[in-house]
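Engineer:
Chains as they are written, first to last, in our numbering: chain G, 1 to 202; chain F, 1001 to 1374.
#1: Quick check: what's the CA-CA separation for residue 125 of chain G versus residue 1174 of chain F?
#2: In angstroms, rounded to a whole number, what distance separates the CA positions of residue 188 of chain G and residue 179 of chain G?
#3: What is the DSSP secondary structure of residue 184 of chain G, counted as helix, strand or coil?
#4: Is the number of C-beta pairs between the region 6 to 19 of chain G and the region 64 to 75 of chain G that are closer than 8 Å three or more?
#5: Terminal residues of the continuous alpha helix (DSSP H) containing residue 1280 of chain F?
#6: Flag residue 957 of chain F as yes if its beta-carbon sits less than 9 Å from any beta-carbon of chain G, otherwise no.
#7: May I ask you to list, following chain order, the residues of the region 45 to 59 of chain G that have a beta carbon less than 8 Å from some beta carbon of chain F?
#8: I want to verify the contact list: residues of chain G whose CB lies under 7 Å from the CB of residue 1148 of chain F, in sequence order.
#9: Check whether the region 1175 to 1183 of chain F touches the region 1138 to 1148 of chain F, counting contact only when three or more Cβ pairs, one atom from each stretch, lie closer than 8 Å.
#10: Would you kindly report the start and end of the unbroken alpha helix (DSSP H) that includes residue 1031 of chain F?
#11: Taking CB distances under 9 Å as the criterion, tell me whether residue 1169 of chain F reaches chain G.
#12: Identify the residues that DSSP records as bridge partners of residue 125 of chain G: which are they?
#13: Short check: CB of residue 1030 of chain F to CB of residue 1209 of chain F, under 9 Å?
#14: By Cβ distance below 7 Å, which residues in the same chain neighbour residue 1273 of chain F in space, the five residues on each side in sequence not counted?
#15: What residues of chain G sit near residue 1173 of chain F, judged by a beta carbon separation below 9 Å?
#16: Tell me, please, whether the CB atom of residue 1142 of chain F is closer than 9 Å to any CB atom in chain G?
#17: Taking 9 Å as the threshold (beta carbon to beta carbon), is residue 192 of chain G in contact with chain F?
#18: Name the two residues that bound the continuous alpha helix (DSSP H) containing residue 1297 of chain F.
#19: So if I threshold CB-CB distances at 8 Å, which residues from the region 1112 to 1136 of chain F count as touching chain G?
#20: Are there 16 or more other CB atoms within 10 angstroms of the CB of residue 195 of chain G, so buried, or fewer, so exposed?
#21: Between the region 1225 to 1236 of chain F and the region 1053 to 1072 of chain F, can you find at least three pairs of beta-carbon atoms closer than 8 Å?
#22: Find out if the Cβ-Cβ distance for the pair residue 102 of chain G, residue 82 of chain G is shorter than 9 Å.
#23: Where do the ends of the alpha helix (DSSP H) carrying residue 46 of chain G lie?
#24: Can you name the start and end residues of the beta strand (DSSP E) that residue 141 of chain G belongs to?
#25: Below 8 Å on the Cβ atoms is my contact criterion, and I expect residue 25 of chain G with residue 61 of chain G to pass it. Report the Cβ-Cβ distance as a whole number of Å.
#26: Could you tell me how far apart the beta carbons of residue 1331 of chain F and residue 1249 of chain F are, in whole angstroms, since I believe they sit closer than 8 Å?
#27: Around the C-beta of residue 95 of chain G, are 16 or more other C-beta atoms found within 10 angstroms, so that it is buried, or is it exposed?
#28: Could you round the C-beta distance between residue 57 of chain G and residue 148 of chain G to whole angstroms and report it? I think they count as a contact, below 8 Å.
#29: With DSSP as the reference, please indicate the residues paired to residue 76 of chain G in a beta bridge.
#30: Roughly how many angstroms lie between the CA atoms of residue 1461 of chain F and residue 1079 of chain F, to the nearest whole one?
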């Protein structure tokens, strides 16, 4: 996944901006998180016969200027629901396993948007169920829903810190994605996620 | 699953509950006055038989069966009943004494005590009783087992079940899994909230607000393992205090003395000797021990009616009010730690908005003392 370099990110914050038409789109296939990996028996029991994580893919575009990076996510959601959500995963260090939400030695930094009017959350994860508030990385998001699709731009400052996934121009990293379908009551580990990391070339 | 050293418990004697809702008001005033909590009643009192709170909660699943977690349903706001204001001002101070009490806005069709005194049965054998409910602070809490965040804890020292709001992410699996449907959602804060068994009061030797405020002396508070206390005697020695819906396998630590009934009467108005509240209904609530419990209550009552002595009747009568509260008989005014503020407490027992006001010390006192200062 190639990050396109741009001069000034501000006009790109609008997910409807025509500017995005000229940027390479990568369709990232998604799959439901496996039921046996849901962390409690209750969740496994409740959802054993109920499909979830059925969003097949998310279209991703990425641009950056000198200070910030913007991810444009677009996916089919059918209806618009307050609990629709999306997340971007970035490895903080080591080689974390995405589906395990990282580990103590190899944590993952998430930027999590939900259709509830609240700001993007920066979270830090050292494994399933361990997520806690993450470092301040000046995240932002604008979302637009039309014709059954969400178009979402999530932005973050470039750079690195102890608990902040490094996003440094010239240094490749990896990225993962997750989508929650609110109309299907999806939350927590009940989601569609990119099966593995995608290379991200800044 | 449970690792607590002791278990605090409550016994409610349904023969004494008059459905006055003083417990509900005491709890509401103390714990759920803030924005986002308008619909919350950690303590409810419903008429039984009835739909309960939330509406038809007994049909919403959850709990365990043969030790296996059971799927549950999340109550909707309509099931709880939206908060609405009544036209008290017009009715009581508007000079129109014939005006009925109505909702000021909208036409609500359900609320926490909507089917009050409806009950069941046909006149002259209609029947009902009041069923107060709080979180059962279960021995095997389905809420705790369901939470993917490990945000629910059972206190080691007394088994009180608490939601850690710093860990809670508002997923509400707990609310689905609780078969008693005693967990609410605070949209404002994005977290689940429920009865905390007044643990800051217990920590100071003060009984729960609902228990102290009860004019009917319905509620006993104490440790289950205190063999000299009323809780142990009512639950284990006399076996007249029974858990609600034990079939959910969560091991509730709130117990109920089932209600005795007046006799049914026949067409001629003569007593038939049959209990008006069907045994099968009470057994559907409190399990197989109901008949034995009612029989014992009747026989012990008969003993006292003929001048004999009965420890069980003495316990239930509770001539000395403070005997209800075991080690928690201290008056809130006398509690030692009223002035202590522990802002770092991860469990948000005090409203943060209030806690940041200039009168923090006073705020803490208000939060610990019963609304009516009893």
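Backbone N, C-alpha and C define an ideal beta-carbon position, used for all residues, glycine too.
Structural biologist: By the coordinates alone:
#1: Separation of residue 125 of chain G and residue 1174 of chain F (C-alpha to C-alpha, rounded to the nearest whole angstrom) is 22 Å.
#2: Looking at the backbone, the Cα of residue 188 of chain G and that of residue 179 of chain G are separated by about 11 Å.
#3: Three-state DSSP puts residue 184 of chain G in a helix.
#4: Segments in contact, yes.
#5: Segment 1279 to 1286, the alpha helix (DSSP H) holding residue 1280 of chain F.
#6: As displayed, chain F neither begins before 1001 nor continues past 1374, which places residue 957 of chain F out of reach and without an answer.
#7: Result list: 45, 46.
#8: Neighbours of residue 1148 of chain F on chain G, chain order: 39, 40, 43, 129, 188, 189.
#9: Contact between the region 1175 to 1183 of chain F and the region 1138 to 1148 of chain F is present, because at least three Cβ pairs lie under 8 Å.
#10: Residue 1031 of chain F -> alpha helix (DSSP H) spans 1022 to 1031.
#11: Between residue 1169 of chain F and chain G, the shortest Cβ-Cβ separation is below 9 Å.
#12: Note: residue 125 of chain G sits in a beta bridge opposite G/108.
#13: Taking 9 Å as the Cβ cut-off, residue 1030 of chain F and residue 1209 of chain F qualify as a contacting pair.
#14: Closer than 7 Å at Cβ, skipping near neighbours: 1263.
#15: The contacting residues are 40, 42, 43, 46, 187, 188.
#16: It does: the Cβ of residue 1142 of chain F has a partner Cβ on chain G nearer than 9 Å.
#17: Closer than 9 Å: no.
#18: First-last of the alpha helix (DSSP H) with residue 1297 of chain F: 1290 to 1305.
#19: For the region 1112 to 1136 of chain F, which is checked against every Cβ of chain G, not one residue is closer than 8 Å.
#20: Its Cβ having fewer than 16 others within 10 Å, residue 195 of chain G is exposed.
#21: No contact exists between the region 1053 to 1072 of chain F and the region 1225 to 1236 of chain F.
#22: Going by C-beta atoms, residue 102 of chain G is not nearer than 9 Å to residue 82 of chain G.
#23: Its alpha helix (DSSP H) spans residues 41 to 46.
#24: For residue 141 of chain G, the uninterrupted beta strand (DSSP E) run begins and ends at 140 to 146, by DSSP.
#25: Rounded, the Cβ-Cβ distance is 6 Å, consistent with contact.
#26: Rounded, the Cβ-Cβ distance is 38 Å, inconsistent with contact.
#27: By the 10 Å Cβ count, residue 95 of chain G comes out exposed.
#28: No, residue 57 of chain G and residue 148 of chain G are not in contact; Cβ-Cβ is about 14 Å, not under 8 Å.
#29: Beta-bridge partners assigned by DSSP to residue 76 of chain G: G/149.
#30: This structure leaves residue 1461 of chain F out entirely; chain F is present only between 1001 and 1374.
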